[in-house]
Structures are given as structure tokens and as C-alpha cells.
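Engineer: Take a look at this one; I'll ask things after.
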Amino acid sequence: MIRIDSVTKRYPDGTVAVDRLSLEIPDRSITVLVGPSGCGKTTTLRMINRMVEPTEGTILLDGEDVQHQPVTTLRRNMGYVIQNAGLFQHRTIADNIATVPRMLGWGKQRARERAAELMERVGLDASLARRYPYQLSGGQQQRVGVARALAADPPVLLMDEPFSAVDPVVRKGLQDELLRLQDELGKTIVFVTHDIDEAIRLGTMVAVLREGGRLAQYAPPAELLSNPADAFVEDFLGADRGIRRLSFYTSDALELTTDAVVPADAPAERLAAVEAPYLLVTDVDGRPRGWRERGSDGDRLLSYGRPFRPGVDSLRAALDCAVLSPTGWAVAVDADGKVTGVVSQQTIGEAIRAAHTHAEPDAGEDPARGEDEKVAG
Ligand SMILES: Nc1ncnc2c1ncn2[C@@H]1O[C@H](COP(=O)(O)OP(=O)(O)O)[C@@H](O)[C@H]1O
Ligand SMILES: [Mg+2]
Numbered sequence: 612m613i614r615i616d617s618v619t620k621r622y623p624d625g626t627v628a629v630d631r632l633s634l635e636i637p638d639r640s641i642t643v644l645v646g647p648s649g650c651g652k653t654t655t656l657r658m659i660n661r662m663v664e665p666t667e668g669t670i671l672l673d674g675e676d677v678q679h680q681p682v683t684t685l686r687r688n689m690g691y692v693i694q695n696a697g698l699f700q701h702r703t704i705a706d707n708i709a710t711v712p713r714m715l716g717w718g719k720q721r722a723r724e725r726a727a728e729l730m731e732r733v734g735l736d737a738s739l740a741r742r743y744p745y746q747l748s749g750g751q752q753q754r755v756g757v758a759r760a761l762a763a764d765p766p767v768l769l770m771d772e773p774f775s776a777v778d779p780v781v782r783k784g785l786q787d788e789l790l791r792l793q794d795e796l797g798k799t800i801v802f803v804t805h806d807i808d809e810a811i812r813l814g815t816m817v818a819v820l821r822e823g824g825r826l827a828q829y830a831p832p833a834e835l836l837s838n839p840a841d842a843f844v845e846d847f848l849g850a851d852r853g854i855r856r857l858s859f860y861t862s863d864a865l866e867l868t869t870d871a872v873v874p875a876d877a878p879a880e881r882l883a884a885v886e887a888p889y890l891l892v893t894d895v896d897g898r899p900r901g902w903r904e905r906g907s908d909g910d911r912l913l914s915y916g917r918p919f920r921p922g923v924d925s926l927r928a929a930l931d932c933a934v935l936s937p938t939g940w941a942v943a944v945d946a947d948g949k950v951t952g953v954v955s956q957q958t959i960g961e962a963i964r965a966a967h968t969h970a971e972p973d974a975g976e977d978p979a980r981g982e983d984e985k986v987a988g
């Protein structure tokens, strides 16, 4: 565990970049430092690997003051990833990734094998190994940066706005990749961003910093969304807090009904037995085809929209399906895309109220996944 204990950093010109910051950073999880520009995120990160020395306070790594550890040992145990990846432009991708292993005295062959293994890990095609950084897209370069930081298998990864320079679509891909990697590798990651959505998406714990390097709140993302500590945090979180928080609740408990689900070739008596105003028509395999208005001839079906997977998708995803559905009912499907039932906006609304009153957000053992797949695991 990394423990930041009442740390202050005052630069020689008098700027207080970090002001009496205390944080416990748990092992094998992603802790995000988030806040507006200039609030001391980079300074905090760099004090962990001693690129910057604190003016006051201590930083402990597994109970030991980092001040007492040789910088080389410390940094070997801490991969460091920055914006724009910071690659060596005159070295190939493979050589970039092999930098630290080579420094540690690994043989050429072993370092090369390690680079190849890591390229695969971070989703880079082996054919890119001999290219130079300028021949790669921004997203690919960022992956190289992550691979390079992982090369010597350090237990800690420090990441400073690693995805800030790429477009939103690429960024989401890199975030997904980081979560997947983290599932496999279980590093202790300290991740800096100014983007609160990124923080909420990636963080197991999120530290919100404010100008002057002061801690505004330190909490799991679901708690930030439900209980911002003050007006600054609330403002920083932005709009739709309530909706976004639903990402942390499972759709598992939604009560589905199958009364209104009918196969396309169902006999007339079966159709007549449906009391709901709309029927969900399925194909021979049980997959959704569309909604049919009760009493209509069934030639024209309304779109069933985007279905959700109970237990895999969050309540937010289920609500979104219902809101987008022309009938106000969401369609639930299993892994094969077969309909398992339908659920109304009203039922989802009741589940949301129940979740808020009875349960803590489902941030359980495997929190924070996609925008509306937070509970997917
Ligand atoms: N080397 C430095 N000398 C003086 N002031 C600095 C130095 N580095 C950063 N600062 C100042 O410290 C504050 C925090 O900077 P920084 O840690 O880079 O914030 P962030 O990463 O959150 O944008 C800012 O006011 C910045 O201008
Ligand atoms: Mg910074």
C-alpha cells in the first residue's frame, strides 16, 4: 500500500502545489487523482516516485518511507506513463518497450521476447515492432507507453493523463483495455486525469483535488455521485449525477414479465390472451423482432430498440433501453440474444427507488466498468 501522509509541496517560487494531502492508496486497484488543471495532481504523482521531493510529510510504500529508498530501486518498482507516451522517437517500438529490461541487464533476446509478449498484452500487432513512434497513431503510441511501463513487471503503475491527448473514441478503447489489463495483472495503479468521467469509469477510489492542492473528497465513484462532499465536488461532477450513479446498480433484480412475449407464429388465442397494449414478437430462435400493437395485424412492427442483459448491464442501461423504446418497455436478452422477458419504465423506476433506499451501490468486488456497463464485471 502507498500511504501519503500529510504531504505538502512548496516550489521554490512559493507556489503551494500540494497542501497537507493524506491518502491511502490500496493495493491492486486503480486510484484516480482528479481535479482541475494546476491542482497538484502531477506533483503528487511525482512525489510518489521521487521525481519531486515533498517539502513536508511522508510517503510510505508498504510501510517504508520512500525517502529512505534508493531512487533506482523505487522507480524500478513503479512504471510511469505520461501523456503522448513520451516515447524515444529514434528507437523502434520493440526497443522502446525493451528499454527498462535492457537497462536492468537483460539479454537482447529475452528483452525482445518480453517486448513481443507485452505488445500482444496491450493489443498491438506484432508487425508494429520494427516501426518508429511517428509511424503509429496516437492511440497505438499510448499503448506502447503502457507496455513500456509494464516491461519490468513493476507492482506499481503511475499514469499521468495517459489518455488525454487522444480522441474520445480511442480514449474509451484505451480505458477498456486498461480495465482488462488490470483484471489480468492486478497492479497498484495511481491514475491522474482532469476528466471526471474517466475518473468515475476507471477508479476504484477517486481523490478529487481542488486548486491549492487540497483534497476535496476521497471516495469510491458511486459515493462521490451520491454524496458529493461540497459544492465544489458537486459542480466538478457535472450534470446527471443521479442517472450516472445508476451505472453502479445491477439490473439483476428487475422483475421481468414474459406474458407479452410471443413468437411470430403464435396462434391467435395466444395473442388474444395478452393484456398489455404491446406484444413483443420474437423469431423462431426467440430473438426479438419488434413490438406489435395489440389488435394490429402485425405487419408493421415497432423497433424494440437496444436490449439489455440482466445482471450484466446496469440499471442505467436498462433504464436507457426503456426510455429509448417506443413502448416504454425494455427488452431483456440472454448471452445468445434470446428474449428472457420485458420490463416497464415504471418497474425500473420502482427498482431504482428500492436500490436507493435499501442497498449500497453495487460497487462490490469488481466495480466500475463501461459507461452503462458498470456492473458487467
Ligand atoms: N517546477 C515548478 N515550479 C513552480 N511551480 C510549479 C512547478 N511545477 C508545478 N508548479 C505549480 O504547482 C501547481 C500544481 O501543478 P501540477 O502538479 O502540475 O498540477 P496539475 O498536474 O494538477 O495540473 C501549479 O500551480 C503549477 O503551476
Ligand atoms: Mg498535470
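Taking the numbering used here, the leading residue of the sequence shown gets 612, the next gets one more, and so forth.
Every residue gets a Cβ at the ideal spot worked out from N, C-alpha and C, and that includes glycine.
As the structure is a computational prediction, the values presented were derived from the model and not from experiment.
1. Please name the residue, chosen from 672, 654, 673, that lies closest to residue 664 on a Cα-to-Cα basis.
2. Hey, residue 656 and residue 771: beta-carbon distance below 8 Å or not?
3. Kindly list the residues whose CB is nearer than 6 Å to the CB of residue 956, restricted to its own chain and excluding five residues on each side of it in sequence; keep chain order.
4. If you draw a straight line from the alpha carbon of residue 622 to that of residue 628, how long is it in whole angstroms?
5. Three or more C-beta pairs closer than 8 Å, one from the segment 767-784 and one from the segment 715-733: is that the case here?
6. Use the C-beta contact count for residue 980: other C-beta atoms within 10 angstroms, 16 or more gives buried, fewer gives exposed.
7. Where does residue 714 fall in DSSP's three states?
8. Per DSSP, what kind of secondary structure is residue 899 in: helix, strand or coil?
9. Quick check on DSSP: helix, strand or coil for residue 709?
10. Please state the DSSP three-state secondary structure of residue 978.
11. Tell me the DSSP secondary structure of residue 772 in three-state form.
12. Count Cβ pairs between the segment 869-876 and the segment 921-931 that sit closer than 8 Å; are there 3 or more?
13. If I'm right that residue 786 touches residue 809 with Cβ under 8 Å, what's the distance once you round it to whole angstroms?
14. Which whole runs of the alpha helix (DSSP H) in the segment 670-696 are 4 residues long or more, in chain order?
15. So is residue 682 buried or exposed if we call it buried at 16+ other beta carbons inside 10 Å?
16. For residue 874, does the three-state DSSP call read helix, strand or coil?
17. With three or more C-beta pairs closer than 8 Å as the rule, is the segment 625-639 touching the segment 794-803?
18. Pick helix, strand or coil for residue 631, following the three-state DSSP scheme.
19. Since residue 735 and residue 754 are thought to touch, with beta carbons under 8 Å apart, how far apart are those beta carbons, to the nearest angstrom?
20. Where do the ends of the alpha helix (DSSP H) carrying residue 837 lie?
21. Could you check which residue in 821, 840, 841, 817 has the C-alpha nearest to that of residue 830?
22. Hey, is residue 771 close to ligand 2, as in C-beta under 7 Å from one of its heavy atoms?
23. Excluding the 5 residues flanking residue 881 on each side, which residues of the same chain have their C-beta closer than 8 Å to its C-beta?
24. Does the pairing of the segment 858-870 with the segment 948-955 give three or more beta-carbon distances under 8 Å?
25. Run the proximity test for residue 829: is its beta-carbon closer than 7 Å to any non-hydrogen atom belonging to ligand 1?
26. Tell me the rounded alpha-carbon separation between residue 976 and residue 678.
27. Using the C-alpha atoms, what's the distance from residue 712 back to residue 705?
28. Quick one: what's residue 919 bridged to in DSSP?
29. On a Cα-Cα basis, can you pick out the residue from 619, 853, 930 that is closest to residue 633?
30. Report the three-state DSSP secondary structure of residue 699 (helix, strand or coil).
31. Closer than 7 Å to a non-hydrogen atom of ligand 1 - does that hold for the CB of residue 775?
32. How far does the beta strand (DSSP E) with residue 820 in it extend, from its first residue to its last?
33. Tell me the DSSP bridge mates of residue 889?
34. Taking the alpha helix (DSSP H) that residue 654 belongs to, which residues open and close that run?
35. What residue from 841, 844, 836 has the CA that sits closest to residue 851's CA?
36. Does the distance between the C-beta of residue 633 and the nearest non-hydrogen atom of ligand 1 fall short of 7 Å?
Structural biologist: The structure says:
1. 654
2. yes
3. 933, 939
4. 7 Å
5. no
6. For residue 980, the predicted model reports a pLDDT of 42, less than 50, meaning its position is unreliable; a value from the coordinates is still stated below. Buried.
7. helix
8. strand
9. coil
10. With a pLDDT of 39 at residue 978, under the threshold of 50, the modelled position of this residue cannot be trusted, and the question is left open.
11. coil
12. no
13. 7 Å
14. 682-687
15. exposed
16. strand
17. yes
18. strand
19. 5 Å
20. 832-837
21. 817
22. yes
23. 873
24. yes
25. no
26. Legend: pLDDT at residue 976 = 40, less than 50; position of this residue unreliable, value from coordinates given subsequently. Between residue 976 and residue 678, the C-alpha separation is close to 33 Å.
27. 11 Å
28. 943
29. 619
30. coil
31. no
32. 816-821
33. 904
34. 652-659
35. 836
36. no
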